[in-house]
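Colleague:
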Amino acid sequence: MTTNIQIFNSPEFGKVRTVVTETGDPLFCLVDLCKVLGVKNATQVAQRLDDDERPMLNIGRENQRVGNSLTTFVTESGMYAVILRSDKPEARQFRKWITSEVLPSLRKTGVYAPGDPKVRAKKPLSDDVSLLLQTIRGMLVHGDMKSVASKIGVTRMAAHSVLNGETRSVRILLALYERALENKQNPSNLYLCPRRAIKKLTGIE
Numbered sequence: 031m032t033t034n035i036q037i038f039n040s041p042e043f044g045k046v047r048t049v050v051t052e053t054g055d056p057l058f059c060l061v062d063l064c065k066v067l068g069v070k071n072a073t074q075v076a077q078r079l080d081d082d083e084r085p086m087l088n089i090g091r092e093n094q095r096v097g098n099s100l101t102t103f104v105t106e107s108g109m110y111a112v113i114l115r116s117d118k119p120e121a122r123q124f125r126k127w128i129t130s131e132v133l134p135s136l137r138k139t140g141v142y143a144p145g146d147p148k149v150r151a152k153k154p155l156s157d158d159v160s161l162l163l164q165t166i167r168g169m170l171v172h173g174d175m176k177s178v179a180s181k182i183g184v185t186r187m188a189a190h191s192v193l194n195g196e197t198r199s200v201r202i203l204l205a206l207y208e209r210a211l212e213n214k215q216n217p218s219n220l221y222l223c224p225r226r227a228i229k230k231l232t233g234i235e
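Sequential numbering from 31 applies to the sequence shown in my numbering.
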């Protein structure tokens, strides 16, 4: 059985093929992500992800023309991992497009609803979201929580609550993710905790 795909087009970034699973979780075509982000070897990227982050899907006739009906997609946490590995300056703008336009169109009810800036978590966090929060935590350094909270006008407790998965807030999560990206791009911040940062960036123990 083939999988129905939805294609999101951006004049700046091109197309990204997406799929929503039966449980409502978004998946992204790995080849499309790598092309947009200037990551040359999608196969190597896939090998660095966990098996549950890179499902193979049958997307139908499009790939059958080249004799291979299976295409690698990545989960939301896998998508963020690909973005973190990109050194392309446009990676941040791409991340904003994904989070502001693509994900809100795909998001299932009750998981980081874009229309509600602060939603108490009523359901257990999915594995994808848990991995994302864990990755962000590993990329933050001392003082980040306080400065991020002050920058967006929330309490440090509120930021901690989101990072711990107790409260759901799109605005706070994106601010923390942005700081994690800044730390990756600023070696003086990243090297405050090099072992942890290297593990998060490369996936190598």
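For every residue, glycine included, the Cβ atom is placed at its ideal position computed from N, Cα and C.
Of all the alpha helix (DSSP H) runs that stay within the bounds of the segment 158–184, which reach a length of 4 or more residues?
Modeller: For the segment 158–184, whole alpha helix (DSSP H) runs of length 4 or above, ordered along the chain, are 174–182.
Colleague: When the Cα atoms are used, what is the spatial distance from A205 to I89?
Modeller: If I take the Cα positions, the gap works out to 34 Å.
Colleague: If you draw a straight line from the C-alpha of E52 to the C-alpha of T129, how long is it?
Modeller: Each residue's alpha carbon lies about 21 Å from the other.
Colleague: May I ask whether a heavy atom of the ligand ATP can be found less than 8 Å away from the beta carbon of T73?
Modeller: The model depicted lacks the ligand ATP and carries no ligand whatsoever.
Colleague: Kindly indicate the opening and closing residues of the alpha helix (DSSP H) around N71.
Modeller: N71 -> no alpha helix (DSSP H), and no H or E assigned at all.
Colleague: Just confirm the distance between the C-beta atoms of G67 and V104, as a whole number of angstroms; I'd bet it's less than 8 Å.
Modeller: According to the sequence provided, residue 67 is Leu. The question's Gly does not apply to it. That belief does not hold up - the Cβ atoms of L67 and V104 are roughly 12 Å apart, past 8 Å.
Colleague: Do the CB positions of K214 and M169 come within less than 9 Å of each other?
Modeller: Going by C-beta atoms, K214 is nearer than 9 Å to M169.
Colleague: How many angstroms separate the CA atom of V61 from the CA atom of P85?
Modeller: Approximately 13 Å, taken between the alpha carbons.
Colleague: For T73, count neighbouring Cβ atoms within 10 angstroms of its own Cβ and tell me buried if that reaches 16, exposed if not.
Modeller: So T73 counts as exposed.
Colleague: Taking the alpha carbon of A179 as the point to measure from, which residue in L161, T165, W127 and E208 has its own alpha carbon closest?
Modeller: That would be E208, whose Cα lies nearest to the Cα of A179.
Colleague: Note the first and the last residue of the continuous beta strand (DSSP E) segment covering N88.
Modeller: Per DSSP, N88 belongs to the beta strand (DSSP E) from M86 to N88.
Colleague: Indicate the three-state DSSP secondary structure (helix, strand or coil) for G108 in the structure shown.
Modeller: Helix at G108.
Colleague: Which term fits P56, buried or exposed, when burial requires 16 or more other beta carbons within 10 angstroms of its beta carbon?
Modeller: Looking at its Cβ environment, which holds 16 or more other Cβ atoms inside 10 Å, P56 is buried.
Colleague: Could you tell me the alpha carbon to alpha carbon distance between S191 and T197, rounded to whole angstroms?
Modeller: Taking the straight line joining both Cα atoms gives about 5 Å.
Colleague: Return the first residue and the last residue of the beta strand (DSSP E) that F43 is part of.
Modeller: Premise fails: F43 is in no beta strand (DSSP E) and is neither H nor E.
Colleague: So, are the CB atoms of I202 and V184 less than 9 Å apart?
Modeller: Yes. Within cutoff.
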